[in-house]
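When you read off a place in the sequence shown, starting at 1, and then add 1, the result is the number in the working numbering.
Presented below is the structure to which this report refers.
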Amino acid sequence: MEVIESRDGTLIACQRAGTGPPLVLVHGMLGTSRRWPILPLLEQQFTVCAIDRRGRGESGDAAHYAIEREFEDVAAVASATGGKVSLLGHSFGGMIALEAARLIPGVRRVIAYEPSPDPVPPGSVARLQALLDAGDREGLVTAFFREIVRMPAAEFAMFKASPNYPAMLAAAHTVPRELAVEETYRLDAARFQDLHAPVLLLLGGDSPPHNRATVEAWHSILPNSRIAVLPGQQHFAHYTAPDLFAREVLALLAGPGL
């Protein structure tokens with residue numbers, strides 16, 4: 002695991018493997034660098050740098066949280082890779098990847114799988130913070146996945162059985178602060194008017210309507226994007242259909258563009 006210093010001095014851990022052009026992976030809420038079952042497929046063609054976002058895994062954190070520092074974290078990792086980098090982000094990490102792309106000179110490609118922001122049910126942040134304050138990390142994680150993400154029971158059972166589940170519990174303190182960002186984040190076409198790198202927006206074919214609406218909203222403001230639908234999948238196709246997911250990713254990264 003490598004460690005890269007971000008702009009504010011926070012140390013960001015990065016798991017690097019494979020050979021080829023650089024590809025930075027940005028996980029979503031409750032993720033870590035190890036929460037990418039498609040890594041073996043990507044490492045065959047790319048030098049993959051999967052980060053631990055700040056506040057979890059082997060990365061550091063700051064006393065005060067601001068989403069802009071996460072954009073800078075990804076840009077710092079991208080700068081350390083050398084060469085023209087591509088970005089792949091999932092969910093909240095997809096939003097971070099898109100914002101970070103604006104800070105990275107010559108970014109090559111961006112892939113965002115159902116990027117945030119998603120609608121946050123009223124009172125969710127306060128409720129999850131109360132669970133955290135009570136020390137109920139498992140209750141927080143369960144409420145987040147089942148009530149906010151609306152993950153099917155079978156998928157949540159798979160997550161609980163995963164060896165990554167303890168890391169999710171350890172990262173539970175990051176959920177309220179990230180949901181608070183989702184409550185206030187607004188898409189702004191002016192911020193992205195100079196992002197001309199090809200952007201692939203991935204959408205699960207069976208995902209809830211709000212996911213489709215958010216993906217379409219991103220598509221409407223990005224200068225060079227397209228949407229690809231993953232049939233029969235929802236928000237975690239990199240777990241439930243890794244071959245399908247990797248095929249779409251590799252098609253963009255290896256191809257001439259959109």
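Beta carbons are placed, not taken as given, at the ideal position from N, Cα and C, and that holds for glycine.
When only Cα atoms are considered, A238 and G206 end up about 10 Å apart. L43 has no beta-bridge partner at all, per DSSP.
Contact between L201 and I112 holds: CB atoms are separated by about 5 Å, below the 8 Å threshold. Collapsing the DSSP output to three states places E139 in a helix.
Note that the C-beta distance between L251 and L231 is not below 7 Å. Rounded to the nearest angstrom, the Cβ distance from R110 to A198 is 6 Å, consistent with a contact under 8 Å. Looking at the DSSP output, V49 shares a beta bridge with A18 and L24. Under the 10 Å beta carbon count, E148 is surrounded by fewer than 16 other beta carbons and is classified as exposed. As the crow flies, the alpha-carbon of I228 is around 30 Å from that of A81. Within its own chain, the residues whose Cβ lies closer than 8 Å to the Cβ of T11, once the five positions on either side in sequence are excluded, are R55, S60, G61, D62, A63, R70 and D74, listed in chain order.
The beta carbon of G94 lies closer than 6 Å to those of V27, H28 and G29 in the same chain, with the five residues before and after it left out. The beta strand (DSSP E) runs lying completely inside the segment 139 to 215 and spanning 3 residues or more are 200 to 205, given in chain order.
With contacts defined by Cβ atoms closer than 7 Å, L132 and G140 form a contacting pair. Comparing C-alpha distances from G233 to each of A154, Q194, P209 and T185 shows the shortest one belongs to P209. When C-alpha distances from H220 are compared across P116, R128 and P177, the shortest belongs to P116.
Nearest to R35 by alpha-carbon distance, out of Q45, P22 and D53, is D53. For Y240, the three-state secondary structure derived from DSSP is helix. In this chain, I105 is not harboured by any alpha helix (DSSP H), its DSSP state being neither H nor E. In terms of Cβ geometry, F146 and F157 form a close pair [threshold 7 Å].
For P122, same chain residues with a beta-carbon under 8 Å away, outside a window of 5 residues either side, are E148 and I149 in chain order. For E6, the pairing in a beta bridge is given by DSSP as L12.
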